Structures are given as structure tokens and as C-alpha cells.
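Everything below concerns the one structure shown next.
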Amino acid sequence: MTAAARRLAPAPAGAGWNAAVGAMVNPSDRRGGTLRLVSSADVDSLDPARTYYVWVWLLQRLLNRTLMAYPTDSGPAGLVPVPDLAEGPGQVSDGGRTWTYRLRPGLRYDNGSPITAADVRHAVQRVFAQDVLPGGPTYLVPLLDDPTRPYPGPYRTAEPLRSVRTPDEHTVVFHLNRPFSDFDHLMAQPCAAPVPRHADTGADYGSAPRSSGPYRVAQHRPGAFLHLERNPHWDRATDPIRPALPDRVELTIGLDIDELDARLIGGDFDINLEGRGLQHEAQRRLTADDVLRSHTDNPRTSFLHFVSVQPHIPPFDDVHARRAVHYAADKILLQQARGGPVTGGDLTTALFPPRLPAHQDLDLYPTGPDLRGDLDAARAELKAAGLPDGFEATIGTQRGKFRLVADALAESVARVGIRLTVKELDVATYFSLGAGHPQTVRRHELGLIVTDWGADFPTEYGFLAPLVDGRHIKHNGGNWNLPELDDPLVNDLIDETLHTTDPEARARRWRAVERRVMEHAVLLPLVHDKTLHFRNPWVTNVYVHPAFGLYDIQGMGLASGAPTGNDS
Ligand code: ARG
Numbered sequence: 007m008t009a010a011a012r013r014l015a016p017a018p019a020g021a022g023w024n025a026a027v028g029a030m031v032n033p034s035d036r037r038g039g040t041l042r043l044v045s046s047a048d049v050d051s052l053d054p055a056r057t058y059y060v061w062v063w064l065l066q067r068l069l070n071r072t073l074m075a076y077p078t079d080s081g082p083a084g085l086v087p088v089p090d091l092a093e094g095p096g097q098v099s100d101g102g103r104t105w106t107y108r109l110r111p112g113l114r115y116d117n118g119s120p121i122t123a124a125d126v127r128h129a130v131q132r133v134f135a136q137d138v139l140p141g142g143p144t145y146l147v148p149l150l151d152d153p154t155r156p157y158p159g160p161y162r163t164a165e166p167l168r169s170v171r172t173p174d175e176h177t178v179v180f181h182l183n184r185p186f187s188d189f190d191h192l193m194a195q196p197c198a199a200p201v202p203r204h205a206d207t208g209a210d211y212g213s214a215p216r217s218s219g220p221y222r223v224a225q226h227r228p229g230a231f232l233h234l235e236r237n238p239h240w241d242r243a244t245d246p247i248r249p250a251l252p253d254r255v256e257l258t259i260g261l262d263i264d265e266l267d268a269r270l271i272g273g274d275f276d277i278n279l280e281g282r283g284l285q286h287e288a289q290r291r292l293t294a295d296d297v298l299r300s301h302t303d304n305p306r307t308s309f310l311h312f313v314s315v316q317p318h319i320p321p322f323d324d325v326h327a328r329r330a331v332h333y334a335a336d337k338i339l340l341q342q343a344r345g346g347p348v349t350g351g352d353l354t355t356a357l358f359p360p361r362l363p364a365h366q367d368l369d370l371y372p373t374g375p376d377l378r379g380d381l382d383a384a385r386a387e388l389k390a391a392g393l394p395d396g397f398e399a400t401i402g403t404q405r406g407k408f409r410l411v412a413d414a415l416a417e418s419v420a421r422v423g424i425r426l427t428v429k430e431l432d433v434a435t436y437f438s439l440g441a442g443h444p445q446t447v448r449r450h451e452l453g454l455i456v457t458d459w460g461a462d463f464p465t466e467y468g469f470l471a472p473l474v475d476g477r478h479i480k481h482n483g484g485n486w487n488l489p490e491l492d493d494p495l496v497n498d499l500i501d502e503t504l505h506t507t508d509p510e511a512r513a514r515r516w517r518a519v520e521r522r523v524m525e526h527a528v529l530l531p532l533v534h535d536k537t538l539h540f541r542n543p544w545v546t547n548v549y550v551h552p553a554f555g556l557y558d559i560q561g562m563g564l565a566s567g568a569p570t571g572n573d574s
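All residue numbers for the sequence shown refer to our numbering, where the first residue is 7 and numbers rise by one.
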């Protein structure tokens, strides 16, 4: 097809605004073709243990399989991992401490060698080697380590990790040091994908990884492109999740974001893999163009945008000072600062995303019928704090969207005499060394901090524990419990949820956690983020995966007549 013809291709009306949210657009099992993806950033890593970008986790679904994985399902079932390499979900014994999985027979890597239980154990061992393989999630470490004899990872000792047993080639048994009801979710993270010890080159593994999924890396030129081809040893019959429709997947990397949008909409690419969302120029076109709108989805990203109120920084050691900020917030102004209802998000007064079972309507600090702030309530709180005329404080943020939110909050609370100074911290190190480092917070006396957060797995624990569990405070950086909340009641309730198998009882406990956290007034929730995704009409099986908030690339195929090849 010529370039000119391609540009005309999106002309027919698409499946409709938001048609790929909660449903699948263009369902098809047609095989063949090249799926042409695009991103502005490069992958963070092709080593499954070292990636944290959500979109790279979705890319990993093409390359790697895990014991458990999220199904190809646009509805609530998409949130629950199903057996992938494993024959069934983890068999639980010993009061939730022991998890046993059996591998399906006949599984192979892309070089034809068999996938064994020892390779799953090796993958888990690699997570302990944060000195060699930093970058990925580390939930497995505290669950599987022996604090009296910490395991240093597979590069410093030949001894295996004792809490993971492989009684035979097909069986893996995890002995956790405490119950953890979400363990199947951890077995669905890329870092649990099997890695054969003999192929493991440590820090270099990402440059030549083995594949267990339907595709393998054909070529990666960092910063330019990543090409995937079929893995000849992947056996469709063993894989209940992946349709693996295209013959090739080609990712073009490094486009400027406005150019990316224009070329995506023009048909040069099928899908934006990175899913940052359409930028201003494309948004402007969208409002005037119904056809374009019919190719667009506006899902929640499953990120919460919020402001942390720091009880260890005076005067926020007084709950009334914290509550004054909650009441004085102009929610409409803050939502606008975040980007408005379409590209910013849905206003919220509670923490849990709506898709989670424990989600409840909770509004402990109502901001008036127009949501512009309840200034009388704010002043009453200031009085109760002994600060009737207000006070001065510093709000930590970073340039860009976060800065706009900081300014909007400063404008809000100035109305009751709270005078905020905005402190911008470095973007690249914001979560590791800036807002995420307790010492930095103290050095700059950051009483308020602008941030956002998305769960690493779609459960109440995955969403809320890192933010409010006292045992998750990271004193050396990378801390997500920004207010350093360490409330024994909260911690105990969280532990109870991890023992509780009944879903209703568990949801009740999480609602109690959320209420208690909101009573402390340390987290000021603003919006559940939303974004705009564009889908080209010849792409099949398009849906926003509920566990990730982005398109599930792995499920996609190409309709007959789709543009082919890559001339970019
Ligand atoms: N929890 C991290 C954050 O909020 C990453 C979330 C999304 N990434 C992921 N792979 N789940 O920044």
C-alpha cells in the first residue's frame, strides 16, 4: 500500500469512543502480518527481572511466560491470574505459607531446551541479586528470605535459595515465611519468568534473553527499534492465554511525542505501545473530528494522583493542620491542573481504584457542593491546631504536570492563610532520591508532596500496602510510604487480610484500612488518572487490559488488508 493510501485508511468510522474499554474491538483469530508498534522511550530492560515500566510488562507477555499470568480478558476476570506455565493455580497449604506449582509438560525455550522447575527457582533467586540486577519489583525477597541468614543472590553463592524447593523437574514449592494470599500475582510478574542458569549472563542477560513466549527478539538497536519474530519452539497447545496472531512485531523507538501521534493517526504505525496518551495537538484534532474520536479510548490508567501530607514535618504533626489542607483543597482547580476530566482523571475522595472489590465511597473531608473547598471547615481545623491565621509550609514537586498540581494546591490553601512555597525536585530521581528518600524530605522540610502511584499488581494489597504499611518504609530511598505512616492498627489489619481467604471478609478489612488511613489525613487523593489511546481500525482484538490500564499488545492481530512492512 502506498504511503498516500495509508493516510486515508482511518477514514471509515471506528468502533466508537471507548469501545475497547471493558470490551474487545474487532475480535478475530486471523493470523499473519506485522504489528507495527511505536514508542518515544526505549524499553527499560529486556531482562524480565529488571523492568518496571508497565508497557514493557505488556511487551514481556509476548516474550515470556510465567507460572501464572493475567488472562486475555477485558472484564473483571482480567484482574485474576490464571495458570500459564503452571498446570493450575498455586496449591496452598500450611496456612497460606506453602505454594506449590506444577509445570505443564512439553514446555521449551526458543532454542528448544526444556523449561524446568529449577529455571523458575533461578529466576526467583535472581530477584535477590539487586546489586547486579536492579530495576524490577522485589516483593519476593521479604517473603522468601531468612533474616538470620540473608540469601545474597545466585552470583555470590552456589547454594540455592532454601525456601524454594524443586522436588522434581516439574514441581516448584515456595515456603514463605508468612502467609501471602496474593502470591499468584507475584508469580505473574515478569521477574518470575524462568531463566536457565547456564544462559544467565547476569547484568548482560537483557541483551540476549531466552524466550518462553510466542516471540523472541530478532534485533534490538537501543534507541531505534526492537524487532520480534516467532519463537519456533513455543507450542500453542500449551498456552491458554496468547493468541499470537502476527508473524512479526516491530517497535519503532525514539519518536518525538507529537510526531508520534501524527504518524500513528496517519497510519504509519498501528498502536502506541508506550501508551502515554495523545498529546495536546492530537487532542485538539479529536474534539473537532468525530471519526477520530471513534478510534479513541479514554480509560483509567489505574494510577492515583495524590498529595502526601507529612506528619513528621511540623505543623503537620497535628492532624488538624493536615485536615485543614484537605478541606481547603479546590478539587475542580486541582483536576484542571492535572489535565481536566478527559486527560487528567476522575475526581476521588477515596484511595482504592473503582475496579478493586474493596472500593467504597468515602468522603471524610467534603469540600462543599461545588467541590471548591469548605473554607469554614478548614478554618475550624486551623483553630483546633492553634494556628487560626494559617502557617507556612513547603510543597515538594517536579516540573511539568506535578508542578501545576502544586501551584493549584498552593492557590487553594492560600484562601485560609496557608502559605506554600513550591520546591521542585529533579524528575529522574524523584522517586529514588527526592520525594522517595526520607532524608531529602526532611532536608527540604517537605510538608506536602505531589505524587502519583499505580499498583504493581491489581489487588488491594498491591495498591495500598506500599503506601501505608509501616513495614514498607524505605529509609534509604525508593520509599513509597511517603508520610512514613506506621500505625500498628493499620499494619495488623493488613496482616489479617493476608491470612483471609474469604473475598468478602478481606474486602471488609481493606475498607477499614482505607478509612483509618483517611482519618489520619496523610493522603489527599485527587484523581484516578485517565488517558487517551488511539487504535487504528485494522488492528484486531484491541482492548485495554484491566490489570495494566494499557492495550494488551499480546492479544492483537491484523485484519486482512492491513498495511504491512516498515518503511520508517
Ligand atoms: N508502582 C510503580 C509506580 O507507581 C509502578 C507502577 C506501574 N508499573 C508496573 N509495572 N506495575 O510508579
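For glycine and all other residues, C-beta sits at the position ideal for the given N, C-alpha and C.
This structure is a prediction, so every number in the text was calculated from the model and none was measured.
Please state whether DSSP places residue i in a helix, a strand or coil.
i           : result
residue 479 : coil
residue 512 : helix
residue 74  : strand
residue 570 : coil
residue 557 : strand
residue 215 : coil
residue 57  : coil
residue 154 : coil
residue 24  : coil
residue 335 : coil
residue 146 : helix
residue 62  : helix
residue 200 : coil
residue 397 : strand
residue 255 : strand
residue 247 : coil
residue 82  : helix
residue 261 : coil
residue 422 : coil
residue 297 : helix
residue 452 : strand
residue 138 : coil
residue 519 : helix
residue 341 : helix
residue 210 : helix
residue 195 : coil
By DSSP's criteria, residue i is part of a beta bridge. Which residues make up the other side?
i           : result
residue 6   : The structure shown does not extend to residue 6, since the chain is modelled only from 7 through 574, so no value can be given for it.
residue 403 : 430
residue 46  : Answer is none; residue 46 lacks a bridge partner.
residue 536 : 306
residue 278 : 44
residue 92  : 109
residue 225 : 233
residue 563 : 546
residue 312 : 457, 531
residue 174 : 177
residue 353 : 533
residue 120 : 114
residue 541 : 277
residue 585 : Because residue 585 is not part of the residues shown, which for the chain are 7 to 574, the question remains open.
Our contact map puts residue i next to residue j with C-beta atoms below 8 Å; I'd like the distance itself, whole angstroms only.
i           : j           : result
residue 632 : residue 418 : In the structure as shown, the chain starts at 7 and stops at 574, and residue 632 therefore has no counterpart that could be examined.
residue 364 : residue 520 : 7 Å
residue 527 : residue 500 : With a Cβ gap of about 19 Å, residue 527 and residue 500 do not count as contacting.
residue 283 : residue 349 : 6 Å
residue 305 : residue 190 : 24 Å between Cβ atoms; not a contact.
Beta-carbon of residue i versus every beta-carbon of chain D: anything under 8 Å?
i           : result
residue 396 : Absent here is chain D; the protein component of the structure consists of one chain.
Q: Please go through the region 459-509 and give each complete alpha helix (DSSP H) segment of 4 or more residues, from N-terminal end onward.
A: 466-474, 494-505
Q) Are the region 119-139 and the region 155-171 touching, with three or more C-beta to C-beta distances below 8 Å? A) yes
(Q) If contact is defined by three or more beta carbon pairs under 8 Å, each pair taking one atom from either stretch, is the region 74-82 in contact with the region 543-562? (A) yes
(Q) Taking contact to mean 3 or more Cβ pairs, one atom from each stretch, closer than 8 Å, check whether the region 53-60 and the region 208-226 are in contact. (A) yes
Q) Do the region 437-455 and the region 393-411 meet, that is, are 3 or more Cβ pairs less than 8 Å apart? A) yes
Q.
Counting beta carbon pairs with one atom in the region 418-427 and one in the region 380-387, are three or more of them shorter than 8 Å?
A. yes
Q: Pair every Cβ in the region 204-213 with every Cβ in the region 231-245, then say whether three or more of these pairs are closer than 8 Å.
A: no
Q) Can you find at least 3 beta carbon pairs, one from the region 335-348 and one from the region 530-546, that sit closer than 8 Å? A) yes
Q) Any contact of the region 147-155 with the region 59-69, i.e. 3+ C-beta pairs under 8 Å? A) no
Q | Cβ contact check for the region 225-235 and the region 243-251: 3 or more pairs under 8 Å | A | no
Q.
Would the region 80-98 count as touching the region 320-337 if we require 3 or more Cβ pairs under 8 Å?
A. no
Q | At least 3 beta-carbon pairs within less than 8 Å: the region 179-199 vs the region 18-35 | A | no
Q. Is the region 200-207 touching the region 162-179 in the sense that three or more CB pairs, one from each, lie closer than 8 Å?
A. no
**Q.** At least 3 beta-carbon pairs within less than 8 Å: the region 267-274 vs the region 489-500
**A.** no
Q. Are the region 424-442 and the region 408-415 touching by the rule of at least three beta carbon pairs closer than 8 Å?
A. yes
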